[in-house]
Amino acid sequence: MSDQSGVAVAVSGFSPCFPATDMRAALAHYARLGFDVMPYSEGMAWAWVRFGVAEIHLFLKEDHDPARTAAAADLAVDDCDALRRQWDATGVPGTSASYDTPYGMREAVHVDPDHNLIRFGSPLSQS
19 MSDQSGVAVA VSGFSPCFPA TDMRAALAHY ARLGFDVMPY SEGMAWAWVR FGVAEIHLFL
79 KEDHDPARTA AAADLAVDDC DALRRQWDAT GVPGTSASYD TPYGMREAVH VDPDHNLIRF
139 GSPLSQS
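Below is the structure:
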């Protein structure tokens, strides 16, 4: 990728931002799913969680209204069903059953306690 002057610019990441009404609870939720989480410090208003190369930034929004301000992100994985089974095994609620899409993907969604949505999917097999 090049900037306007033609100089190559490397992109090293992209992180969606999810609102959280309770930072300690949000970090605990993602930790239970298997994310690496930033250690909690009392009063923190921003944090990160990582799942492989994927990263989500959480920001404290105590007046968060999911009907107006929830966020969403897509996560590309090698095996949608395997990740769904992994997340189901944690006992953390919020993950849907997997489904096939008309655009050639196998997908499922996870909705966190603040109603932020992660859609994760993998290409359907070419059999």
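Using my numbering, read the sequence shown as starting at 19 and increasing by one per residue. Glycine residues also receive a C-beta, built at the ideal position from the N, C-alpha and C atoms.
Given residue i, which residues of its chain have a CB within under 7 Å of its CB, disregarding the five upstream and five downstream residues?
{"i": "residue 50", "result": "108, 110"}
{"i": "residue 145", "result": "Below a pLDDT of 50, predicted positions are generally treated as unreliable, and residue 145, at 42, falls in that range; the measurement from the model is reported next regardless. Nothing listed; no residue qualifies."}
{"i": "residue 118", "result": "124, 142"}
{"i": "residue 101", "result": "95, 138"}
{"i": "residue 98", "result": "116, 124, 125, 126, 138, 139, 140"}
Excluding five sequence neighbours on each side, which residues of the same chain lie with their C-beta closer than 8 Å to the C-beta of residue i?
{"i": "residue 35", "result": "74, 75, 76, 77, 89"}
Note the first and the last residue of the continuous beta strand (DSSP E) segment covering residue i.
{"i": "residue 123", "result": "123-129"}
{"i": "residue 84", "result": "Segment 84-87 is the alpha helix (DSSP H) holding residue 84; no beta strand (DSSP E) there."}
From which residue to which residue does the alpha helix (DSSP H) around residue i run?
{"i": "residue 47", "result": "41-50"}
{"i": "residue 101", "result": "98-107"}
Leaving aside the five residues before and after residue i along the sequence, list all residues of the same chain whose C-beta is less than 6 Å from its C-beta, in chain order.
{"i": "residue 64", "result": "77"}
{"i": "residue 114", "result": "126, 127"}
Closest to residue i by CA distance: which of the options is it?
{"i": "residue 85", "options": "113, 23, 28, 134", "result": "134"}
{"i": "residue 68", "options": "31, 43, 121", "result": "31"}
{"i": "residue 43", "options": "62, 70, 99", "result": "62"}
{"i": "residue 103", "options": "87, 45, 52", "result": "52"}
{"i": "residue 91", "options": "41, 130, 40", "result": "130"}
{"i": "residue 29", "options": "120, 71, 40, 87", "result": "71"}
{"i": "residue 93", "options": "122, 136, 48", "result": "136"}
Using a Cβ cut-off of 9 Å (strictly closer), state whether residue i contacts chain C.
{"i": "residue 67", "result": "You won't find chain C in this structure, because it holds only one protein chain."}
Between the segment 52-63 and the segment 81-91, do at least 3 Cβ pairs fall closer than 8 Å?
-> no
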